[in-house]
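Going down the list, the protein sequences come from chains W and X.
Under the numbering used here, the residue at position 109 of the first sequence is numbered 1210, and the numbers go up by one with no gaps.
Under the numbering used here, the residue at position 179 of the second sequence is numbered 1280, and the numbers go up by one with no gaps.
Cβ coordinates follow ideal geometry from the N, Cα and C atoms, glycine included.
Protein chains: 2
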Amino acid sequence: MAWNTERTKELLLAAATAEFSANGLAGARVDRIAAAAGVNKERIYQYFGKKDDLFDAVLAAEMIRVMTEVPIRGSGPEAFGDYAGRLFDRHTTDGVLPRLVFWEGLERGRETVSRATRTDHCAIKVGQVMDVLPGVDREDAADLLITVVTLCDGWPVLPQIDALLAGSAPDRAVRRRAAIVRTATLMAGALLTDARAKEAAHPGV
Amino acid sequence: MAWNTERTKELLLAAATAEFSANGLAGARVDRIAAAAGVNKERIYQYFGKKDDLFDAVLAAEMIRVMTEVPIRGSGPEAFGDYAGRLFDRHTTDGVLPRLVFWEGLERGRETVSRATRTDHCAIKVGQVMDVLPGVDREDAADLLITVVTLCDGWPVLPQIDALLAGSAPDRAVRRRAAIVRTATLMAGALLTDARAKEAAHPGV
DNA sequence: GCAATTTCCAACCAAGTAGTTGCAATTGGC
DNA sequence: GCCAATTGCAACTACTTGGTTGGAAATTGC
């Protein structure tokens, strides 16, 4: 098993992802990560530095994974609503990223937040939203994206409030999904209408 | 200072609220709570039982406080949008409740979630939403409430994504507030239209 | 002032923590 | 088969935690 350093890193990253997702930054146990990976504890410090750095690596990797698995494509409000639905599905079947993001938001101060979540990756998504909804400016696109991401990410992290909905757990998820898709579509449509009205009033460049 | 047990409990509850909000359930330190309250550690175990029970007490008290401070009143989609705005303001000036709710969602399993957040208090709010939007059924009202609560609570807990918005911190909050109010109003209006259409098609009881 | 209760103080316990170290065993390239 | 790098093992350090305990001091109703 030795000599394959890449494999060792992957094992550690996968184990760390599960551990951090379940227990957060402070709650995660380095010993558990090493044990789950079937790798020795010192490898973590050797390859990733301190616990905090390992968390950063986990978060960045998971963001990239979700961003590539759930692309924004097509055009128009319905296309954006479709994106919202796919993001919801992704987070409902695997709530790892939402949990990591909320752990970070709660445990870290505004200044110590990782670069990955701060803008680097998110800004790309804003650009994609602008592509789907031509005419909508960057600020409005950011607002819309924040709304949808908050709704999709919040669901797997708030087991309390889903008790407000009736039926079985799958039923509740289906209901919630429909509500989010509708919200996304409606808001996207409203922003598009705004943009066209503004363009008609002040024919821009 | 002795002999006033009620005062002692209040001091402990206030200190515990700040500590749990900042550090979560596992991250909170009993010693710090006692020190901040200027009260001895054993009082906590005497009055509230274990750490977990103290957290429950804190969460329930904070929910009741916010529910009474931010009532749902008036009628129509704009009234509901106004509620969303006031809830956002409340959470932006004091993010304690959102933090407590998300800490609980992350740290506790679906089954061990406190009674306070599970349905007891939330169900009351659903009823109030139905009053503001007459004709909307309980399920739709719950959907709408979940959407607004998720958006308002998510904002103070996700310092990462607000970097997507431009301008100073207050500016970003103003923008976000407007976006949430608009979403709430629009969705409330849509649900109301649905309800009236359904009523017209199948004149009910 | 007296008695009952509440509180403070300080130490204590068993358990668990991140991070380090020295050494032997394993592995792959050659 | 040899050598150099990687890894497992196990112990260790210095520290922190929730929760408990025993006795002395402070407070209030009467």
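Subject >> Contacts of A1224 (chain W) in chain X (Cβ-Cβ under 8 Å) >> reply: L1265
Subject >> chain W within 8 Å of M1102 (chain X), Cβ atoms only >> reply: Low local confidence applies: a pLDDT of 41 at M1102 (chain X) is under 50, so the model's placement there is unreliable, and no value is given.
Subject >> Rounded separation between H1222 (chain W) and T1251 (chain W) - CA only >> reply: 16 Å
Subject >> Rounded separation between R1130 (chain W) and A1137 (chain W) - CA only >> reply: 11 Å
Original post:
Where in the segment 1171-1202 of chain X do unbroken runs of the alpha helix (DSSP H), each at least 4 residues long, occur, reported from the N-terminal end onward?
Top reply: 1178-1194
**OP:** Using only alpha-carbon positions, find the residue among X:L1201, X:A1135, X:T1193, X:E1170 that is nearest to A1158 (chain X).
**Re:** X:L1201
Original post:
How would you list, in chain order, the residues of chain W whose beta-carbon sits under 7 Å from the beta-carbon of P1260 (chain X)?
Top reply: G1206, R1211, V1214
Subject >> Close-in-space but distant-in-sequence residues of the same chain around V1258 (chain X) (CB under 8 Å, 5 per side omitted) >> reply: G1196, P1199, R1200, F1203
Subject >> Cβ distance (whole Å) where V1230 (chain X) is taken to contact L1245 (chain X) below 8 Å >> reply: 6 Å
Original post:
Are the CB atoms of L1293 (chain X) and P1172 (chain X) nearer to each other than 8 Å?
Top reply: no
Original post:
To which residues of the same chain is D1241 (chain X) closer than 7 Å at the C-beta, ignoring the five residues directly before and after it?
Top reply: L1292
**OP:** Write down the C-beta distance between R1276 (chain W) and W1256 (chain W) rounded to the nearest angstrom, noting that I regard them as a contact closer than 8 Å.
**Re:** The pair is not a contact, with the Cβ atoms about 11 Å apart (cut-off 8 Å).
**OP:** In angstroms with no decimal places, state the Cα-to-Cα distance between A1285 (chain W) and E1212 (chain X).
**Re:** 30 Å
Original post:
How would you write the range of the alpha helix (DSSP H) that S1269 (chain X) sits in, first residue to last?
Top reply: That residue, S1269 (chain X), is in no alpha helix (DSSP H); it is neither H nor E in DSSP.
**OP:** Would you kindly work out how many angstroms separate the C-alpha atoms of L1287 (chain W) and I1281 (chain W), rounded to a whole number?
**Re:** 10 Å
Original post:
Can you tell me where the alpha helix (DSSP H) with I1134 (chain W) in it begins and where it stops?
Top reply: 1131-1138
Subject >> Expected contact under 8 Å - CB spacing of G1139 (chain W) and L1112 (chain W) to nearest Å >> reply: 7 Å
**OP:** Report yes if the CB atom of I1145 (chain W) is closer than 8 Å to the CB atom of L1155 (chain W), and no otherwise.
**Re:** yes
Original post:
How many whole angstroms separate the CB atoms of D1132 (chain X) and K1142 (chain X), which I take to be in contact at a CB cut-off of 8 Å?
Top reply: 6 Å
Original post:
Is the Cβ-Cβ distance between G1236 (chain W) and R1297 (chain W) less than 8 Å?
Top reply: yes
**OP:** Find the residues of chain X that neighbour I1173 (chain W), judging by a C-beta separation of less than 8 Å, and give them in chain order.
**Re:** Under the 8 Å cutoff, chain X gives no residues; its nearest Cβ is about 15 Å from I1173 (chain W).
Original post:
Within 8 Å (strictly less), CB to CB, does F1156 (chain W) reach chain X?
Top reply: no
Original post:
Along the chain, where does the alpha helix (DSSP H) that runs through V1230 (chain W) open and close?
Top reply: 1222-1233
Subject >> Residue burial classification, T1169 (chain X) (beta-carbon count within 10 angstroms, cutoff 16) >> reply: exposed
Subject >> Interface partners of E1240 (chain W) on chain X, CB under 8 Å >> reply: L1266, A1267, R1276
Original post:
In terms of alpha-carbon separation, which member of W:A1119, W:Y1148, W:S1122, W:A1116 lies closest to N1105 (chain W)?
Top reply: W:Y1148
**OP:** Check the Cβ-Cβ distances between M1164 (chain X) and every residue of chain W, and say whether any is below 8 Å.
**Re:** no
Original post:
Nearest-angstrom Cα distance between M1102 (chain X) and A1135 (chain X)?
Top reply: At M1102 (chain X) the pLDDT is 41, less than 50, meaning the model places this residue with poor confidence; the figure from the coordinates comes in the next sentence. Their Cα atoms are separated by approximately 15 Å.
Original post:
From A1209 (chain X) to P1271 (chain W), what does the alpha carbon distance come to, in whole angstroms?
Top reply: Contrary to the premise, residue 1209 (chain X) reads as Arg rather than Ala in this sequence. Computed Cα separation, rounded: 20 Å.
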